[in-house]
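> Protein sequence lines correspond, in order, to chains A and L. First residue of the first sequence? That's 546 in our numbering, and the numbers climb one at a time after it. First residue of the second sequence? That's 48 in our numbering, and the numbers climb one at a time after it. Cβ atoms here follow ideal geometry from the backbone N, Cα and C, with glycine treated the same way.
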Amino acid sequence: MASVPSPTPGGYSVTPTEPAAQGGAVTAERPPLPVKLVIAGGFGVGKTTAVGSISEIEPLTTEAAITEVAAGVDDLSHTPTKTTTTVAMDFGCITIDPTLKLYLFGTPGQDRFGFMWDDLVEGAVGGLVIVDSRRLDDCYAAVDYFEHRGIPFAVALNAFDGTVEHSLDEVRWALDMADQVPVVVFDARERGSVRDALLTVLELALSRTEG
Amino acid sequence: MADGHAPAGAHGFTGPDGTPVGPAPAVRPFLVTAGRVAGTASGRPIPVETQMVATTAGIDALERLSFEQHDIVAACRRPQSLAEIAARLRLHLNVVRVLAEDLRADGQLSVHVPRTDIVRDASVLRRVIDGLRAIPDSRGVLRDSD
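#1: Between Val596 of chain A and Pro604 of chain A, what straight-line distance do the alpha-carbon atoms span, to the nearest angstrom?
#2: Less than 8 Å separating the beta-carbons of Thr607 of chain A and Leu140 of chain L?
#3: What does Pro579 of chain A reach in chain L if we use C-beta pairs closer than 7 Å?
#4: Please list the partners that Leu109 of chain L has in chain A, where partner means a Cβ-to-Cβ separation under 7 Å.
#5: Between the Cα of Leu582 of chain A and those of L:Arg91, L:Val95, L:Gly82, spot the shortest distance and give me the residue it belongs to.
#6: According to DSSP, is Leu112 of chain L helix, strand or coil?
#7: Examine the Cβ distances between the segment 668-680 of chain A and the segment 110-120 of chain L and report whether three or more of them are shorter than 8 Å.
#8: To the nearest angstrom, report how far apart Glu748 of chain A and Asp107 of chain L are at their CA atoms.
#9: Taking Glu755 of chain A as the reference, which of L:Ile182, L:Leu172, L:Arg180 has the closest Cα?
#10: Look at the alpha carbon of Pro561 of chain A and the alpha carbon of Arg736 of chain A, and state the distance between them as a whole number of angstroms.
#11: DSSP on His693 of chain A, reduced to helix/strand/coil?
#12: Give a single yes or no on whether Glu608 of chain A has its beta carbon closer than 7 Å to a heavy atom of the ligand ADP.
#13: By the criterion of Cβ-Cβ separation under 8 Å, what are the contact partners of Arg135 of chain L in chain A?
#14: Across which residues does DSSP place Gly637 of chain A in a beta bridge pair?
#15: If the criterion is Cβ atoms closer than 8 Å, does the pair Glu147 of chain L and Val158 of chain L meet it?
#16: Cα separation between Ala687 of chain A and Arg740 of chain A?
#17: So if I threshold CB-CB distances at 7 Å, which residues from the segment 743-755 of chain A count as touching chain L?
#18: What are the start and end residues of each continuous alpha helix (DSSP H) run of 4 or more residues lying completely inside the segment 130-162 of chain L, in chain order?
Here it is as C-alpha cells:
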C-alpha cells in the first residue's frame, strides 16, 4: 500500500484563512472532510431518486458547468467544438462521522455529445452510472467519460417496477465494457439498494488504492 | 428544486461573453462579481464539495457586506459545501466561487479545499465504507441480512 500522505490536519491543503489572531472560525469544529461520488445517467433514469433515498438532506439542486465537445456523428471535421453549458445538478450528503461526509452529486449525461464534467468530477473518488435498460444509449457518454478519466465506476441498472429488461451480461455486451467494471441491479427507491450500489463503487476505489 | 424557483435544467446560459443568457437569475450575480468568473486566472476552480465556514471577522462584518456576500457568510455559520451554498442561495456556482475567494481574501470566510490524495486514501475510503454499511435499508435491516 502506498504510504499515507502527510497528515495535514483534516485532509485539507488550503486553509488560507486560518485566523487564529481573530479567534478562528465561528464554529468550534473543523468542517468535515468531504468525499465525493458522482452519479451519472440519462434524464429520468433515477439519479435524483437514488440520491434522495439515502441522503440525509432533501436533495438540493444547483447548476454545474459542463463542456460539451461536439464531436458527434454529424461532425465530419474531427475538430471538436467545445461549448460550455450548464446542467441541473442534484446532490445530497451522508454524514459518516463528525470529520467525514460523503457527498453524492447527480448530473445528467448528454446524448450524442462527448462531454466533460471536469468542474464536477475533479477530486471524485468514484462514479455510479445509473442505467435504464430500456434506454441504454443514455449512458454511453457517462461510461466513456469515467473510462477516459480513469475514475473507478460501476454501472447500476435501475430495476423499475422490480424488473430489468436485459440481463447483466447483455448490458455489459451492449455497453462494450471492460470486465472489471462492476454491473449491478438496484432499485433507486430503496435506501439499502442504493447503499449497496455505492458500496460497490467505493470498494472498487479501495481496491485500486491497494492494487 | 423544492419550489420550482431555481432555473433547474435551464440551458442557454453562456457566461459573461456577451452572448444571450437564459434564466434571469444567472445574470445579476455576475454583476456582483464585476464580471469575474472563477477558475481562470487562479488555476482550477475549487471543487463543489469544498467546505466553507464563516470566521468571527466575517460574522462581525455581516452588516457591512453586500447582499450576496452577506448571505454567504451568514449561511456559513456552520460548515457548508460550495454546492450547498449555491443551491440554498440560488446562486450560480461560479458566482459563489468568486465571492468566496473575495471573502476568504478579506478574512471573513475560511475555505477548505479537500486534498485529493487524502480523500482517495485507503484509510479514508475504508471509513466511508464502514459508515455506509452501518446505514440500515428502508426496512431497518442491515446489509447482508436480506
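Walking through what the data contain:
#1: 7 Å
#2: At the C-beta level, Thr607 of chain A and Leu140 of chain L come within 8 Å of one another.
#3: Glu96, Gln98, Ser128, Pro161
#4: Those within 7 Å of Leu109 of chain L in chain A number zero; the least Cβ separation is about 11 Å.
#5: L:Val95
#6: coil
#7: These segments do not touch.
#8: 45 Å
#9: L:Leu172
#10: Residue confidence is low: Pro561 of chain A scores 43 on pLDDT, short of 50, so the model does not pin down where it sits. Its coordinate-derived value is still stated next. Rounded to the nearest angstrom, the two C-alpha atoms are 38 Å apart.
#11: helix
#12: Within the structure as shown, the ligand ADP is missing, as the structure has no ligands at all.
#13: Leu605
#14: For Gly637 of chain A, which the question treats as bridged, DSSP gives the partners A:Leu649.
#15: Glu is not the amino acid found at residue 147 of chain L; the sequence shown has Ala there. Yes, the Cβ-Cβ distance between Ala147 of chain L and Val158 of chain L is below 8 Å.
#16: 20 Å
#17: Answer in chain order: Leu743, Leu744, Leu747, Glu748, Ala750, Leu751, Thr754, Glu755.
#18: 140-152
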